Amino acid sequence: TTPCDRPAPPTAGLSHGQYDKWEIDPSELVLLEELGAGQFGVVRRGKWRGRIDTAVKMMKEGTMSEDDFIDEAKVMTKLQHQNLVQLYGVCSKHRPIYIVTEYMRHGSLFNYLRRTSPDQLGPAVLLDMCIQVCKGMAYLERHNYIHRDLAARNCLVGDENVVKVADFGLARYVLDDQYTSSGGTKFPIKWAPPEVLNYTRFSSKSDVWAFGVLMWEVFTCGKVPYGRVKNSEVAEMVQRGMLLEKPKGCLNEIYNVMRLCWRRLPEERPSFRALKEELAVIANSVL
Ligand SMILES: CS(=O)(=O)c1ccc(C(=O)Nc2cccc(-c3cn4ccnc4c(Nc4ccc(C(=O)N5CCOCC5)cc4)n3)c2)cc1
């Protein structure tokens with residue numbers, strides 16, 4: 004502290020202005036068309052500082068534990084990889100708070116797979132999409148960061164079939180216990196391994212299980228896993244060791260990788276690092 008008889012140095016207090024690094028000044032954000040609505044409320048496209056395309060999640064009040072999330076945002080802005088949707092920052096000085104991320108022009112991978120004609124999505128393209136998701140997840144694994152809701156709906160597509168993982172770690176801040184508890188109607192049962200169904204024990208190896216289901220979503224061009232079977236039934240089947248069938252036209256080598264991800268014991272599943280190597284070998288040899 005500056006002794007009271009000496010004026011403060013001229014730079015005091017200017018280093019951050021009134022905004023921390025991960026805090027975005029809403030006056031620098033112009034909100035544009037609505038992109039859709041998610042778990043938390045409306046998502047709109049935005050222009051930041053006049054030129055940067057962004058997606059802005061406007062968090063409906065009461066849907067998320069905001070203070071905990073704002074704390075975590077500092078960490079999330081540091082997670083940077085070409086296959087992760089970059090968190091630019093948050094507007095947390097007003098309500099609802101805004102989560103501002105890089106913009107992905109083609110929307111969710113799930114919708115993209117269902118909307119794009121199969122001849123544009125040959126096996127080489129589908130495998131490359133899985134490899135991109137795997138690279139993003141291997142980066143999170145290296146940083147001991149668990150996604151908790153990896154699925155094609157939570158991956159986004161940019162130009163030239165670029166695919167990035169979105170909303171990593173966000174599930175921890177959802178307040179709706181229909182979503183957070185494994186008995187809830189909105190819990191992603193069809194992407195959950197036995198240890199999550201029974202003990203909600205999340206790990207990078209439970210993300211690997213979900214990645215196997217995401218691979219199945221990709222190679223079926225956006226089918227819903229287990230079709231119209233009810234969540235409670237699926238939990239039963241998964242406990243009994245029943246697995247998703249090989250997608251039509253999917254190479255055995257690729258289906259075998261999905262089955263590695265669905266090993267009952269988490270420690271028997273490969274890491275994302277190992278999966279990345281395995282998928283690269285398949286991409287170079289059979290395709
Ligand atoms: C796992 S979780 O934490 O419960 C959770 C997961 C997801 C969400 C959530 O809000 N998701 C959500 C909902 C809507 C849009 C987003 C969303 C988020 N994004 C982040 C970066 N880019 C996007 C984006 N881009 C889109 C979306 C749709 C279109 C579109 O209209 N198209 C039609 C014409 O062809 C091109 C595509 C275009 C770009 N949409 C994200 C909220 C919470």
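Just so you know, we're using our numbering here: the sequence shown kicks off at 4 and counts up by one.
The beta-carbon is built from N, C-alpha and C at its ideal position, and this holds for glycine as well.
These numbers were taken from a predicted model, which means no experiment stands behind them.
Please confirm whether any heavy atom of ligand 1 lies closer than 7 Å to the CB of residue i.
{"i": "H109", "result": "yes"}
{"i": "N157", "result": "yes"}
{"i": "D180", "result": "no"}
{"i": "A58", "result": "yes"}
{"i": "V177", "result": "yes"}
{"i": "Q89", "result": "no"}
{"i": "Y106", "result": "yes"}
{"i": "L173", "result": "yes"}
{"i": "G230", "result": "no"}
{"i": "A40", "result": "yes"}
{"i": "V46", "result": "yes"}
{"i": "F72", "result": "no"}
{"i": "D152", "result": "yes"}
{"i": "F275", "result": "no"}
{"i": "A169", "result": "yes"}
{"i": "F43", "result": "yes"}
Between the C-alpha atoms of residue i and residue j, what's the straight-line distance to the nearest angstrom?
{"i": "D179", "j": "Y101", "result": "19 Å"}
{"i": "G65", "j": "G125", "result": "43 Å"}
{"i": "K60", "j": "G39", "result": "10 Å"}
{"i": "S18", "j": "W25", "result": "Low confidence applies here, because S18 scores a pLDDT of 44, under 50, leaving its location unreliable and the question unanswered by this model."}
{"i": "V177", "j": "R52", "result": "29 Å"}
{"i": "Q42", "j": "S30", "result": "26 Å"}
{"i": "V165", "j": "C133", "result": "11 Å"}
{"i": "R54", "j": "C224", "result": "34 Å"}
{"i": "K81", "j": "E75", "result": "10 Å"}
{"i": "R156", "j": "V260", "result": "21 Å"}
{"i": "P6", "j": "S184", "result": "Reliability of the predicted coordinates at P6 is poor, the pLDDT of 47 falling under 50, and no value is obtained from them."}
{"i": "K208", "j": "Q85", "result": "22 Å"}
Please name the residue, chosen from the options, that lies closest to residue i on a Cα-to-Cα basis.
{"i": "Y22", "options": "Q83, Y148 and S95", "result": "S95"}
{"i": "R243", "options": "M61, P196, V59 and G161", "result": "P196"}
{"i": "A58", "options": "M79, S68 and L32", "result": "L32"}
{"i": "I73", "options": "E271, I27 and Q85", "result": "I27"}
{"i": "R2", "options": "V136, L246 and G110", "result": "Only positions 4 to 290 of the chain appear in this structure, which leaves residue 2 out of reach."}
{"i": "G44", "options": "R98, D70 and L90", "result": "R98"}
{"i": "V227", "options": "N114, Y106, E69 and M107", "result": "N114"}
{"i": "C264", "options": "W194, G230, V93 and V237", "result": "W194"}
{"i": "G186", "options": "E236, A213 and L247", "result": "E236"}
* Would you check if the region 214-229 and the region 168-179 touch, i.e. whether three or more CB-CB distances between them fall below 8 Å? => no
* **At least three beta-carbon pairs within less than 8 Å, the region 138-146 to the region 265-281** => yes
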